[in-house]
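J.: Protein chains in written order, with the numbering used here: chain A, 11 to 732; chain B, 11 to 732.
#1: Would you give the residue range spanned by the alpha helix (DSSP H) that residue 591 of chain B belongs to?
#2: If distances are taken between C-alpha atoms only, which option among B:713, B:161 and B:700 comes closest to residue 724 of chain B?
#3: Could you work out which residues of chain B lie near residue 455 of chain A, taking near to mean beta carbons separated by less than 9 Å?
#4: Pull up the distance between the alpha-carbon of residue 37 of chain B and that of residue 643 of chain B, whole angstroms please.
#5: Which partner residues of residue 112 of chain A appear in the DSSP bridge assignment?
#6: To the nearest angstrom, how far is the alpha carbon of residue 158 of chain B from that of residue 622 of chain B?
#7: Report the residues of the region 571 to 592 of chain A with a CB closer than 9 Å to any CB of chain B, ordered along the chain.
#8: Which residues does DSSP pair with residue 561 of chain B in a beta bridge?
#9: Tell me whether the beta-carbon of residue 45 of chain B lies closer than 8 Å to the beta-carbon of residue 127 of chain B.
#10: Does the beta carbon of residue 545 of chain B come closer than 8 Å to any beta carbon on chain A?
#11: Quick one: Cα of residue 670 of chain B to Cα of residue 286 of chain B, how far?
#12: Among A:34, A:101, A:53 and A:84, which has the Cα closest to the Cα of residue 14 of chain A?
#13: Does the beta carbon of residue 525 of chain B come closer than 8 Å to any beta carbon on chain A?
#14: What's the C-alpha gap between residue 365 of chain B and residue 371 of chain B?
#15: I'd like to know whether the C-beta atoms of residue 442 of chain B and residue 356 of chain B end up nearer to each other than 8 Å.
#16: Report all residues from its chain with a CB closer than 8 Å to the CB of residue 480 of chain B; omit the five preceding and five following residues, and keep chain order.
#17: Is the region 583 to 591 of chain A touching the region 604 to 624 of chain A in the sense that three or more CB pairs, one from each, lie closer than 8 Å?
#18: Is residue 350 of chain B close to chain A? Criterion is C-beta to C-beta, closer than 8 Å.
#19: Run through DSSP, which three-state label would residue 581 of chain B get?
#20: Residue 198 of chain A and residue 240 of chain A: beta carbons closer than 8 Å?
#21: Please classify residue 554 of chain B: is it buried, with 16 or more other beta-carbons within 10 angstroms of its beta-carbon, or exposed?
#22: Would residue 488 of chain B and residue 454 of chain B be called neighbours here (beta carbons separated by less than 8 Å)?
#23: Using a Cβ-Cβ cutoff of 7 Å, what residues of the region 502 to 524 of chain B are near chain A? List them in chain order.
#24: For residue 601 of chain B, name the three-state secondary structure that DSSP assigns.
#25: Three or more C-beta pairs under 8 Å: does that hold for the region 209 to 229 of chain A against the region 144 to 163 of chain A?
#26: Relative to the C-alpha of residue 449 of chain A, which candidate in A:381, A:490, A:385 and A:368 has its C-alpha closest?
#27: So, for residue 124 of chain A: in the same chain, excluding its five sequence neighbours on each side, which residues have a beta-carbon less than 6 Å away from its beta-carbon?
#28: Anyone know if the C-beta pair for residue 140 of chain A and residue 76 of chain A falls short of 8 Å?
#29: Considering only DSSP beta bridges, list what residue 240 of chain A is partnered with.
#30: Using the Cβ count rule (16 or more neighbours within 10 Å means buried), how would you classify residue 564 of chain B?
#31: Quick one: is residue 371 of chain A near chain B, going by C-beta distance under 8 Å?
#32: Restricting to Cα atoms, I'd like to know which of B:440, B:462, B:272 and B:136 is closest to residue 515 of chain B.
#33: Which runs of the alpha helix (DSSP H) spanning at least 4 residues fall entirely within the region 439 to 502 of chain B, listed in chain order?
#34: At 8 Å on the CB atoms, spell out the chain C contacts of residue 530 of chain B, in chain order.
#35: Looking only at C-alpha atoms, which of A:307, A:311 and A:312 sits nearest to residue 319 of chain A?
#36: Assess, as a yes-or-no matter, whether the region 513 to 530 of chain B is touched by the region 584 to 599 of chain B under the definition of 3 or more beta carbon pairs within less than 8 Å.
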């Protein structure tokens, strides 16, 4: 139950498979395209978190030159999926090993030609791709293999690399380029080692590629193979990485694979959730976990995880609240270095957040909605195109989705709760908390007559309703921020440290602390109405209550925008879980009856137009003990990148890629929903396994210890791993 | 200089002439169409302020049956502008007399047929139309005249009158109907009195008309004439008005006209502004004043003036802020009964305003944006159609243009200031003031960190920018409300009356009064920046600063909506005067330099997409002593209904009609701009006459006295009229 396999070759699946068979790490994403694929097939060797801007286009992470390019010629005819229909084709991701394999058989006359290749991104070496390419014949044939570096790369808003230089000898190929905006030097080197009966003949330039011509030593064999090694360096102006690369190559394919597997299997040991009784659920959940593992932001200090992971340039390679709310819990259970980095990333971005707040006239820290390096907000005021006029539509993701700052504090709080690692407070965490609280103090409004503190003019998680007042989710999150500030104040008092008071003083925060002390009692938190339903925002119940399908039947254009002035903007129908997200994040505060009433009200009114939606409803269903509702929503979340059902294009713009927040959401559902994990001072479980699942086993880290948890229908065990 | 005349007959001018040659009073509007015109020609005998709704359509004032219909047949051929091209045609409004006259000559073979008719709406009798119809021939001819009541009337959202009954004898014609929503009984009676050589023969029914056939006594004359009298009654179930009508008719055409003129000339005496040196300006301004006179809301207690006056059903016949801000100053100078009614109208609507506030979750009084009877808000959430999708666009006129309540207090304050008539305070004025102040206390927000009271999420006069924060105009108006409340409190203290305190107590307002006392010091009023420019609202300066013409060149459809998500919504270009309106209303607070800086900044960025715009800029130009800028803006305002340049249709919906706010604005410009009238404890003048104007003479009422003011380039006189 570790293999994701696709059989047969269908051109329309190339893009989806690029995501589905993705390998890599937080330093390097290698899309699951094939050896012979090129620019048009959306090949990408992506450098996550390394951003570049060309002209006025969107900033996005750079795609490096592609060192995977390989193509076969038999009797001077190109034998490739791009030119020929195969008689057999499979593509295969081994999730346990994090390796990709392909096998393709072509029939030429009476001969059958089989191409096999394997690749992996080393878990032990920095940005090292290792592979093997093999060709076999039924009958002897005359062939050549071309393999090298394709430097005519795919970009959404490129080209990002200019001043391209190539360098080669029979020992290595090298292509370097300079990034447009910040002049980063990107260098890709590749080395080919004949493995079985081939020789590297010479080098040639062709169509934006630098290639070796590989020939058989003699054509009397039916099988030929070579290994290849590629390395991508960033800003290595003095070629310091050359030695490292040569050393790695010297270890050879087998040793590198062995080391990689040792390392990667260890990650699985910490991360796997074994499901018994439902193989479909097992494979989907493992696939989600596979993604969360390869995305672990533990390669460099202060890394975080972009909303489309390492699958390319979509969503500008930026980091959204997805990371803190949907992914962090996985890392808190499995990889604390990654978890800490997620917090450190935001601490690094504090200055950017202060600048953003200041731009809008507020004090404190207003974090980027689409965060790139240094907290730079890549989000624009125009994120959608009007299909009727082809004009940009003013959207409010950037300036009104103020909950982002509180989401980060929620993450900080969770991290400290689970690790007791208060060092983060001294490393900028406390300043982060203070600046976020300060921002909300300034953003919010005290309503004199109602004697309460309100948060006006925001956008909640449901992005179809713009500029609403008192979004319940946002208000509850702000209350959490204010309360947590005083919790932390108490903590420092208790340990007799004056760090808190000193920092408050340094930041000129004394008077504001006092004001927050007053206001936090007065934050308006919408209460459940007589039917136990919590109004999503002021006036939501006054909106048209039209059946969502009926409304969507009024669509004139399949891709028209549904939010704002669109079809759903003035109805009670919402894009994604909003109240339900609040109920999940603050689940201790709400009764089962409230959760049930709100699930039943909001779910039929939800379009699930975001991959973040299904898991929150799945968790809600678990909390109301209705696993039958939860299961399909869980499966939807877990398999979004397996089925490839998500949108790939919107108005001509590629928006595909993987959905790690959905992966995280599937994990959340399994752990916090199905097994009912709940951690306060102790570890609690309240199993609510769906009918088909008999047993679930997983590990979590908590307060420096590791536990193995086993859950069955009516029972559970918690065992410390020593 | 009292005549508005049009020569020649052009079909495309029928609608415009309906407005241009309007006669009537606040009880009855008679559009300036001609005797032979019908439904398709937008004939209307409009009953202002009497609203009706059919199904889900917009509520609008009722059009009564048309008693003006008359057509001529010569040798069995219809002789009418609808069937024949005339050789001569003139239509004529005598503004001094408030009479409409038409003369049309047709040529049939060698014969020439001249039709003349005169009509007026009696100033002395309630809803009485009086007319005379005359036909003359060059050669004797055989003819018939049909005259009667056309009950197939034009409606925008009708038909409003059902259960139509006709009744007739040779003495009178009668048509009655019942309104759809509230079952008002509308009855139109008509009487014809032969004047010269004709006889009323018999009655016939034809195409939704009930008609007399009028024949020559003998055909040996070249001239024939009859007088007609028509009366419209509302809910006169027992025919009480019959006697009144018969008495009026008995007086006859000449006497009725004489009485009417006496009365109407008196109005002119109080209202005229004589301009010497510029006849074009004189006639345009007089035309504006003519409209303001016929619209005087002094026919019934608590009347006010709809935004399209009495010209028909457009704008739902509703009352906007136009009345308080653009028209009231005219009545304060000329007709105090009308002025008081404008205030009383809103007092009557206080309950409706409280219901509206409550609907949106606020206390106090939030007045209707489009006010019908009892303060009912006829405005919908969807006022515009998207030309690209044919869907309604969510607009914010109704729920965010909160300045309306303050506009009413500005009017109340002006009324008391100019009359010292504090009786209005006891008649509901004080309660109005308290409830409006209460509304703003609840609507506004105290910003804790900035320590100021802000007004968030509003729409200012510039309706293209929706849901803005701290619109300078709105904030300043709210400050005025709060301040005035305490001025009035002091007033009652001074006169040793406990009426204020008692009412405060009755309304449970004690604590709120205290809160307002605190907040009024803290209201945030945006200050001029280093270039002396006042930002229209928070973030306005961050908007795109694109030349307005360049931007409008991007139009795809001539009628596309420019506000909100439209082409101007995200630019610094505005629909109409906003900051300039504030500068005018609070002109004592601002220096000439500030006015100049803001005029120069905002005027080039203004589309003048509202007829309210030009006059505010004209006044601004006067205040900065640039009469050359002011003059064309003044002329634009004064002649909007003369040129008929305003839009008549929008997306198939008739939106034409007269623009009394522009008339009021023209008057304001003449009096407060050109002559520089300024009234505090005394009357001040600061002449700024445009180059072409040598002298201006007008009367004003102030504190119970009447003054005649004469202004020349460098001098002025103020003379009390005893």
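Where is the CB? At the ideal position from N, CA and C, for every residue including glycine.
T.: To lay it out plainly:
#1: Per DSSP, residue 591 of chain B belongs to the alpha helix (DSSP H) from 589 to 595.
#2: Nearest to residue 724 of chain B by C-alpha distance, out of B:713, B:161 and B:700, is B:700.
#3: Taking a Cβ-Cβ threshold of 9 Å, the residues of chain B close to residue 455 of chain A are 454, 455, 456, 457, 458, 464 and 466, in chain order.
#4: Whole-angstrom Cα-Cα distance: 31 Å.
#5: Per DSSP, A:101 and A:127.
#6: If you take the alpha carbons of residue 158 of chain B and residue 622 of chain B, they lie about 40 Å apart.
#7: Among the residues of the region 571 to 592 of chain A, those with a Cβ less than 9 Å away from any Cβ of chain B are 574, 575, 577, 579 and 580, in the order of the chain.
#8: Looking at the DSSP assignment, residue 561 of chain B forms no beta bridge with any residue, so it has no partner.
#9: A contact, by the Cβ cut-off of 8 Å.
#10: Closer than 8 Å: no.
#11: About 24 Å.
#12: Closest by alpha carbon: A:101.
#13: So yes, residue 525 of chain B belongs to the interface.
#14: Answer to the nearest angstrom: the Cα atoms are 10 Å apart.
#15: Judged by their CB atoms, residue 442 of chain B and residue 356 of chain B are nearer to each other than the 8 Å cut-off.
#16: Excluding residues within five positions, the ones whose Cβ falls inside 8 Å are 464, 465, 466, 534, 536, 547 and 548.
#17: Three or more pairs of CB atoms, one per stretch, sit closer than 8 Å, so the region 604 to 624 of chain A contacts the region 583 to 591 of chain A.
#18: Not an interface residue.
#19: Note: residue 581 of chain B maps to strand in three-state DSSP.
#20: Their beta carbons are under 8 Å apart, which means residue 198 of chain A touches residue 240 of chain A by this criterion.
#21: By the neighbour-count rule (16 or more Cβ atoms within 10 Å), residue 554 of chain B is not buried but exposed.
#22: In this structure, residue 454 of chain B lies closer than 8 Å to residue 488 of chain B by Cβ.
#23: For the region 502 to 524 of chain B, the set of positions with a beta-carbon nearer than 7 Å to some beta-carbon of chain A reads 522 in chain order.
#24: Collapsing the DSSP output to three states places residue 601 of chain B in coil.
#25: Three or more beta-carbon pairs drawn from the region 209 to 229 of chain A and the region 144 to 163 of chain A are found closer than 8 Å, and the two stretches are therefore classed as touching.
#26: Closest option to residue 449 of chain A, Cα to Cα, is A:368.
#27: Around residue 124 of chain A, the same chain offers 115 and 146 as residues with beta carbons nearer than 6 Å, after the five sequence neighbours per side are excluded.
#28: For the 8 Å CB-CB criterion, residue 140 of chain A and residue 76 of chain A do not form a contact.
#29: The partner list for residue 240 of chain A (beta bridge, DSSP) reads A:139 and A:200.
#30: With fewer than 16 other Cβ atoms within 10 Å, it is exposed.
#31: Answer yes: the Cβ-Cβ gap between residue 371 of chain A and chain B drops below 8 Å somewhere.
#32: That would be B:440, whose Cα lies nearest to the Cα of residue 515 of chain B.
#33: As far as the region 439 to 502 of chain B is concerned, its whole alpha helix (DSSP H) runs of at least 4 residues are 440 to 453.
#34: Among the protein chains of the structure shown, namely A and B, there is no chain C.
#35: Comparing Cα-Cα distances from residue 319 of chain A to each of A:307, A:311 and A:312, the minimum goes to A:307.
#36: Contact annotation: the region 584 to 599 of chain B does not touch the region 513 to 530 of chain B, with fewer than three C-beta pairs closer than 8 Å.
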